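Worksheet: one structure, shown below.
Next up, the structure:
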């Protein structure tokens, strides 16, 4: 409960919470993207999920801010359907804005209130396209609240990856093991695969939430050498990727998953746990799944 006396609260609000809001009104709302997720909750209708996401702007007024990704197709297709009174500030990778954030010549650039903040992508503490988007969104929020440029730059450069989110665990025989157990949907896995610059042995699977895997096809064809399907029912993964991945193995426990991935890997490869699915068929939650992954890697 946000009941203590702080100047600001930073809240991550799920679609489940947004479903039932009545008076909730964020002074600054950030919508990073909308991709199919939790569709089992929304009668397998994407638009129901979209409505829930846009509820974050429902009670905002002219003094508030709505920060959104202009590269996200679903967000942009629904902007006019769910108008907001808030001041809108976009961010994107390669679209320039007089008021907003974007990337130019390997620098993030944020224009707000006739002030400009710039920072090299190479200085960011977290790598990958998804973290550039996150840094743009965070930088815009910081500018809205008038933080000094030095503070913003220091914060973005010192940022550390969260546990279970693109967390480098160890290198064994020059095979890197990465724990991305928090990737419980296709969008998160897309960014994980996209950020890899080495051949991948991919550990995926669990409880499917109505996933459409086709968006992953180009990355899987280009980067994935082998696939470990970790779940009680891997039928959908086989249907989606069976014709584009040379080796697919079914396992039902993390020990077998890690050992098989290690056997399939070559020096210079990456073993990536990025499931795209919920964890509840074999694990308590995604944290439990990630911890068991790390435990098994250490045993190698």
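In our numbering, the protein residues as written are -14 to 285. For each residue, glycine too, the CB sits at the ideal point set by N, CA and C. None of these values were measured; they are calculated from a predicted model.
Mind checking who residue i pairs with in its DSSP beta bridge?
| i | result |
| --- | --- |
| residue 89 | 92 |
| residue 73 | 51 |
| residue 212 | 187 and 233 |
| residue 145 | BP columns for residue 145 are empty, so no partner. |
| residue 103 | 94 |
| residue 156 | 161 |
| residue 126 | DSSP, once it has assigned bridges, lists no residue as partnering residue 126. |
| residue 192 | 263 |
| residue 287 | Any property of residue 287 remains undetermined from this structure, which presents the chain solely from -14 to 285. |
| residue 168 | Answer is none; residue 168 lacks a bridge partner. |
| residue 14 | 51 |
Alpha carbon to alpha carbon, how far is residue i from residue j?
| i | j | result |
| --- | --- | --- |
| residue 60 | residue 39 | 9 Å |
| residue 210 | residue 30 | 33 Å |
| residue 112 | residue 234 | 30 Å |
| residue 230 | residue 259 | 16 Å |
| residue 165 | residue 268 | 15 Å |
| residue 270 | residue 225 | 24 Å |
| residue 142 | residue 110 | 4 Å |
| residue -5 | residue 87 | 23 Å |
| residue 151 | residue 174 | 10 Å |
| residue 208 | residue 100 | 40 Å |
| residue 107 | residue 117 | 10 Å |
| residue 205 | residue 221 | 15 Å |
| residue 92 | residue 238 | 43 Å |
| residue 202 | residue 157 | 28 Å |
| residue 24 | residue 34 | 7 Å |
| residue 252 | residue 183 | 10 Å |
| residue 284 | residue 227 | 30 Å |
| residue 63 | residue 244 | 45 Å |
| residue 240 | residue 254 | 19 Å |
| residue -1 | residue 89 | 32 Å |
| residue 153 | residue 273 | 17 Å |
| residue 277 | residue 65 | 45 Å |
| residue 131 | residue 78 | 23 Å |
| residue -9 | residue -3 | 17 Å |
| residue 98 | residue -7 | 21 Å |
| residue 140 | residue 10 | 26 Å |
Using a Cβ-Cβ cut-off of 7 Å (strictly less than) and excluding sequence neighbours within five positions of residue i, which residues of its own chain qualify?
| i | result |
| --- | --- |
| residue 75 | 53, 55, 82 and 85 |
| residue 102 | 95, 124, 128, 134 and 137 |
| residue 6 | 40 and 43 |
| residue 8 | 44 |
| residue 146 | 111 and 152 |
| residue 279 | 154 and 164 |
| residue 200 | 171 and 175 |
Taking 6 Å as the limit between beta carbons, can you name the residues of its chain near residue i, skipping five residues before and five after?
| i | result |
| --- | --- |
| residue 215 | 188, 190, 236 and 242 |
| residue 155 | 162 and 282 |
| residue 27 | 33 and 34 |
| residue 68 | none |
| residue 46 | 70 |
| residue 104 | 93 and 138 |
| residue 126 | 13 |
| residue 18 | 54 and 57 |
| residue 1 | none |
Using 7 Å as the threshold, is the C-beta distance between residue i and residue j below it?
| i | j | result |
| --- | --- | --- |
| residue 198 | residue 115 | no |
| residue 70 | residue 51 | no |
| residue 22 | residue 170 | yes |
| residue 249 | residue 186 | yes |
| residue 16 | residue 37 | no |
| residue 194 | residue 263 | yes |
| residue 172 | residue -12 | no |
For my contact list, residue i and residue j are in at a C-beta cut-off of 8 Å; report their separation, rounded to the angstrom.
| i | j | result |
| --- | --- | --- |
| residue 196 | residue 261 | 6 Å |
| residue 181 | residue 257 | 7 Å |
| residue 49 | residue 13 | 7 Å |
| residue 168 | residue 213 | That pair is no contact at about 15 Å. |
| residue 275 | residue 179 | With 8 Å as the limit, residue 275 and residue 179 do not qualify as a contact, their Cβ atoms being about 20 Å apart. |
Looking only at its chain, what residues have a beta carbon closer than 8 Å to the beta carbon of residue i, apart from the 5 residues adjacent to it on each side?
| i | result |
| --- | --- |
| residue 266 | 191, 192, 216, 217 and 218 |
| residue 80 | 55, 56 and 87 |
| residue 232 | 210, 211, 212 and 249 |
| residue 223 | 214 and 233 |
For chain B, is any of its Cβ atoms less than 7 Å away from the one on residue i?
| i | result |
| --- | --- |
| residue 48 | As a matter of chain content, chain B is missing from the structure shown, which is built from one protein chain. |
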